[in-house]
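Novice:
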Amino acid sequence: MVDPITVAVIGSSMFATTQEMGEALRRSSHSPIIREMLDYSCAIFTAGGEVVAQDELIPALLGSITTAMPILLAEVPPETIEPGDIFIGNDPYRGVSHTPDIHLFAPVFAGDRIVAWCGDVAHHNDIGGTNPGTEGFANESVFEEGFRFTNVKIVEAGKLCEPLFRCFVETTRDPAASRGDLRAQIAAVRLGVRRVEGLIAKYGAEVLTEAMDVRLAQSERRMRAMIAQCPDARGNAVGHLDNDGISNDPVRIEVTVEVKGDEVIVDFTGSAPQMAGGLNSSRAATTAAILFATKAAFDPTSDSTGGNFRPIRTILPEGSAVNPNSPAAVSLRHLTEQRISDTLVRALAQIVPGLETAGSFVGFSSLAAATRHPRTRLPVVMADDLGGGTGGNRRGDGLDSVDTYLGNVGILPAEVCEREYPIRILETEYVTDSGGAGQHRGGLGIRRTYEFLDHCQCVFYTEQSNPEFGPWGAEGGQTGQPARLTLLRADGTTVPVGKMRVDVTPGDRLVTITGGGGGFGDPGRRDPAAIADDLRQGKVSPQAARDIYGFADA
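Numbering-wise, the working numbering comes out as the position in the sequence shown, counting from 1, plus 11.
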């Protein structure tokens, strides 16, 4: 039996390998969404497809990569897998969250036996489809959402499948970026395979395999022990999307979370049927939200492995907004999985001591623009995603202007945007008073204004623009400010935007204002020193300090 120290060393080595893979992917990539905004993740799996180490960057991607790997193993005959193979997949109905997230998986052999897999996933700016950036709120089927790989070999026995590679690249609106990003993913996976092969050479395949199994069992025992510390209880919460991308009707998300002994049951019965538009949350996306929320609630400090999720049981009604049937469109699943996460947190807070919190901004205000590079005039696709405030909680104020919950994507640097796209960023600043008032204030939203210097085909969208569904306050705290998008035409026309596909011309501007987090606790109990500090930093206006907080010195 392998000793505990060896298990720990192998586990740490694998985690370090996923980080090294991620850094190789980032440094080799072409697109700012990977290189600057860090929209990627890497992982190592057992031969059976259970994750044993992850580079913890984007929770949404980590959740989907864990669901995609077992499906690949179920579909691909083992006798057809060779050393040097790399499989590619991005089918939402094969364990992927949406088509722009491309997964690569490579087997690690010891002799003629597979002992592990290495994988990565990265968001590509565009892979074809109806809309610039591929994502579309009004899409009515997955067939509108770009090129789909169905767990096929992009590299066979070490040799790149040039026809498939070329076919994919030429179907995108940004072929140079697609070419560079996919090659970067291939390089990162190959690096992971080499590092795991080094562990096999050092410890032997049997020790490595046993260490991975022990690591998974340790994670499972720890998660079960943490769950068992909570009394058996049930929490229920309901959240809403502003609409389904086509109609104006709100979309209901309902979840019941139940602790039973050392297990957790997560049940989405009561959620709306699958939507006509592109906001459906694929099964993989919903699973990612569940894995994120339950781990954050019960065991936030341990490494993420498949063992953490063995005690979690899920009920996802088929044909619903949280588990649609093919070929429902899912490209904007992130808006829904973020709302799912927020609703899960609200339900979990009813049963997990110390988790009490207000709601966070989950609107994920975004822009995708198909245009031409300002110098080379080659086709490019620009993407930017803006977060907002997290909710205040029992311990303190919410965070300002972050990509909450499943996101964690960085903001596109203005200098990079203006160098690579004909788009100027005129301002990026906190929005005063956007966080809900409370004893612990909600985090602030962000204002960013883009000026278009060339013709662009654009898709704009956000959620939580409806004040009724803004970031909720808790225990007397106030609701956070809703999001708002406004297109200012060069001719002086003002166009309010919720979700829109539109062509823009030079001189047009988009003003994006994201939502603030909800406040926690009675605003009258806020520490006067904290109010004074808010005033100095411009986070709260003098009027709000006087009228809401009763701060006489404002």
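All C-beta atoms, glycine included, are put in the ideal place defined by N, C-alpha and C. In this text the structure is predicted, and so the values were computed from the model without any measurement.
Could you please give me the residues that DSSP links to I97 through a beta bridge?
Specialist: One-based indexing of the sequence shown puts residue 97 at position 86. Answer is V166.
Novice: Check whether chain D comes within 8 Å of Y51, counting only Cβ atoms and requiring the distance to be less than that.
Specialist: Going by chain labels, chain D is absent from the structure shown, which holds only one protein chain.
Novice: Residue ranges of each beta strand (DSSP E) run of no fewer than 3 residues wholly in the segment 229-314, ordered along the chain?
Specialist: Segments of the beta strand (DSSP E) lying fully in the segment 229-314: 244-252, 262-271, 274-278.
Novice: I'd like the ranges of any alpha helix (DSSP H) spanning at least 4 consecutive residues and lying wholly in the segment 117-192.
Specialist: DSSP runs (the alpha helix (DSSP H)) wholly in the segment 117-192: 173-180.
Novice: Do three or more CB pairs link the segment 232-249 to the segment 289-304 at distances below 8 Å?
Specialist: As far as the Cβ criterion goes, the segment 232-249 does not touch the segment 289-304, which means the pair count is below three.
Novice: Per DSSP, which residues does A381 bridge with? Please list them.
Specialist: As a working note, residue 381 is residue 370 in the sequence shown. The partner list for A381 (beta bridge, DSSP) reads V392, Q468.
Novice: Please state whether DSSP places P335 in a helix, a strand or coil.
Specialist: Along the sequence shown, read from residue 1 onward, the residue named residue 335 stands at position 324. Correct three-state label for P335: coil.
Novice: Pull up the distance between the alpha-carbon of S152 and that of Q548, whole angstroms please.
Specialist: Residue 152 sits at position 141 when you count from the first residue of the sequence shown. Residue 548 sits at position 537 when you count from the first residue of the sequence shown. Distance between the alpha carbons of S152 and Q548: 47 Å.
Novice: To which residues does DSSP link P507 through a beta bridge?
Specialist: Within the sequence shown, residue 507 is the residue found at index 496, counting from 1. Note: P507 sits in a beta bridge opposite T497.
Novice: Please confirm whether G370 and G402 have their CB atoms less than 8 Å apart.
Specialist: Here residue 370 refers to the residue found at position 359 of the sequence shown. Here residue 402 refers to the residue found at position 391 of the sequence shown. Closer than 8 Å, so yes.
Novice: Could you check which residue in G317, F154, I351 has the C-alpha nearest to that of V262?
Specialist: The count along the sequence shown starts at 1 and reaches residue 262 at position 251. Nearest option by C-alpha distance: I351.
Novice: What three-state label does DSSP hand D112 in the structure shown?
Specialist: As a first step, residue 112 is located in the sequence shown; it is residue number 101 there, counting from the start. Strand, per DSSP.
Novice: Give the single residue among F372, S292, T220 whose Cα lies nearest to the Cα of G106.
Specialist: Within the sequence shown, residue 106 is the residue found at index 95, counting from 1. Of the listed residues, the one whose Cα sits closest to G106 is S292.
Novice: Would you identify the three-state DSSP class for H451, choosing helix, strand or coil?
Specialist: Taking the first residue of the sequence shown as 1, we reach residue 451 at position 440. Looking at H451 - three-state DSSP - the assignment turns out to be strand.
Novice: So for N419, helix, strand or coil by DSSP?
Specialist: Your numbering for residue 419 matches position 408 in the sequence shown. In the structure shown, N419 sits in coil (DSSP, three-state: anything other than H, G, I, E or B).
Novice: Over the uninterrupted beta strand (DSSP E) stretch that includes I326, give me the two end residues.
Specialist: The count along the sequence shown starts at 1 and reaches residue 326 at position 315. 323-326 is the extent of the beta strand (DSSP E) around I326.
Novice: Take the Cβ of G215 as the centre, count every other Cβ of all protein chains shown within 10 Å, and call the residue buried at 16 or more, exposed below.
Specialist: The residue given as residue 215 occupies position 204 in the sequence shown. Exposed, since its Cβ has fewer than 16 Cβ neighbours within 10 Å.
Novice: By how many angstroms is the C-alpha of L115 removed from the C-alpha of D192?
Specialist: Along the sequence shown, read from residue 1 onward, the residue named residue 192 stands at position 181. Along the sequence shown, read from residue 1 onward, the residue named residue 115 stands at position 104. Computed Cα separation, rounded: 12 Å.
Novice: Compute the Euclidean distance between the alpha carbons of H384 and I422, then round it to the nearest angstrom.
Specialist: Counting from 1 along the sequence shown, the entry for residue 384 is found at position 373. Counting from 1 along the sequence shown, the entry for residue 422 is found at position 411. Spanning the two alpha carbons is a distance of roughly 20 Å.
Novice: Am I right that V204 and G130 are in contact with their C-beta atoms under 8 Å? What's the rounded C-beta distance?
Specialist: Position 193 of the sequence shown, counted from the start, is the residue given in the question as residue 204. Position 119 of the sequence shown, counted from the start, is the residue given in the question as residue 130. That pair is no contact at about 10 Å.
Novice: Just checking my contact of L343 with E146 at CB under 8 Å: how many whole Å lie between their CB atoms?
Specialist: On the sequence shown, position 332 is the one that residue 343 refers to. On the sequence shown, position 135 is the one that residue 146 refers to. Yes, L343 and E146 are in contact; Cβ-Cβ is about 5 Å, under 8 Å.
Novice: Measure the CB-CB distance between N150 and F98 and report whether it falls below 8 Å.
Specialist: In the sequence shown, counting from the first residue as 1, residue 150 sits at position 139. In the sequence shown, counting from the first residue as 1, residue 98 sits at position 87. Not a contact, by the Cβ cut-off of 8 Å.
Novice: Just mark P143 as buried or exposed, buried being the case when its beta carbon has 16 or more other beta carbons within 10 Å.
Specialist: As a working note, residue 143 is residue 132 in the sequence shown. Buried, since its Cβ has 16 or more Cβ neighbours within 10 Å.
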